[in-house]
Amino acid sequence: MLELWRLGHLPAALSQWLVAPDYAKQLSKVTTMTDWFSSDGSQGVIAVRSIMGDATNWQNFSIKAKNAAITIGVPQPEAWQLIASLEEIYTNTIEHSERADSGLVAYVARPNSFEYVVCDAGIGVQRSLRKNPHYAAIPDSCTALELALREGISAKAEQGRGMGFRPILVGLTNLSRMVRFRSGDGACIFSRQADGTLPATTLQRAWIDGFFCSVRIDACAHGGR
Numbered sequence: 001m002l003e004l005w006r007l008g009h010l011p012a013a014l015s016q017w018l019v020a021p022d023y024a025k026q027l028s029k030v031t032t033m034t035d036w037f038s039s040d041g042s043q044g045v046i047a048v049r050s051i052m053g054d055a056t057n058w059q060n061f062s063i064k065a066k067n068a069a070i071t072i073g074v075p076q077p078e079a080w081q082l083i084a085s086l087e088e089i090y091t092n093t094i095e096h097s098e099r100a101d102s103g104l105v106a107y108v109a110r111p112n113s114f115e116y117v118v119c120d121a122g123i124g125v126q127r128s129l130r131k132n133p134h135y136a137a138i139p140d141s142c143t144a145l146e147l148a149l150r151e152g153i154s155a156k157a158e159q160g161r162g163m164g165f166r167p168i169l170v171g172l173t174n175l176s177r178m179v180r181f182r183s184g185d186g187a188c189i190f191s192r193q194a195d196g197t198l199p200a201t202t203l204q205r206a207w208i209d210g211f212f213c214s215v216r217i218d219a220c221a222h223g224g225r
């Protein structure tokens with residue numbers, strides 16, 4: 001993060017980066033960056049517009065992210081599953097956010113844990129789902145997130161077009177320690193319990209424009225060191 005600031009890709013007030021009311025404003029300031037990686041490969045960020053401009057940029061990013069996960073102990077099959085889910089989520093930004101140019105994808109590998117984030121400053125889940133006549137009356141962001149996590153729910157009105165986030169979540173069920181979805185003033189958090197279940201909690205939070213998703217796994221739970 002400090003290296004990104006030094007290169008001029010982040011605003012000077014780094015503390016504001018995590019303040020929800022300033023989320024869209026701060027995100028919009030990341031205008032010059034296409035991608036960045038730490039010298040040891042344990043962290044990386046790429047702009048969605050960079051992926052859209054050249055498919056090899058995603059290939060490079062995904063390989064680095066996968067290798068970072070493997071380095072801290074995530075078995076290779078699970079590492080590839082994580083990257084596949086990451087690709088599905090950033091594709092959602094391209095297809096539904098109406099602000100793909102604002103999208104960012106990032107990962108960080110720490111001792112025994114790996115986390116990735118996808119975010120954008122687009123129209124958000126509620127406005128996106130409301131484009132489907134079946135969901136035009138969605139009352140709030142929390143309801144929208146809950147709907148998006150059900151099987152077969154999508155902003156696409158045509159039959160068979162889009163499946164929401166449910167297939168992604170199912171794919172992450174056996175991998176994740178925590179999965180967080182944020183949009184508008186809604187938050188849906190899946191946190192693994194001692195008995196192995198991954199229950200959901202829906203909460204109202206401070207408003208953010210667009211969409212944010214983070215996925216974290218504990219490498220030690222998947223054969224890691």
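By the count of full-length UniProt numbering, the sequence shown reaches residue 225 at its end, each step adding exactly one.
All C-beta atoms in this analysis are idealised placements derived from N, C-alpha and C, irrespective of residue type, glycine included.
Three-state secondary structure assigned by DSSP to residue i
i, result
"Phe165", "coil"
"Leu149", "coil"
"Ile70", "helix"
"Thr34", "coil"
Length of the line joining the Cα atoms of residue i and residue j
i, j, result
"Ala206", "Ser141", "11 Å"
"Val48", "Gly103", "5 Å"
"Val105", "Arg99", "14 Å"
"Glu95", "Gln76", "29 Å"
"Arg127", "Arg166", "18 Å"
8 Å contact criterion, which residue i and residue j should meet: CB distance rounded
i, j, result
"Asp120", "Gly210", "5 Å"
"Ala109", "Ile83", "Ala109 to Ile83, Cβ: 13 Å. No contact."
"Val45", "Asp35", "6 Å"
Short Cβ contact (8 Å threshold) for residue i with residue j
i, j, result
"Phe114", "Ala219", "yes"
"Ile138", "Leu149", "no"
"Gly122", "Thr93", "yes"
"Ile168", "Ile51", "no"
"Gln81", "Gly196", "no"
"Thr202", "Cys188", "yes"
"Ala79", "Ser42", "no"
"Leu145", "Ser183", "yes"
"Ile217", "Val117", "no"
Environment of residue i [buried if 16+ CB atoms lie within 10 Å]
i, result
"Leu147", "buried"
"Gly124", "buried"
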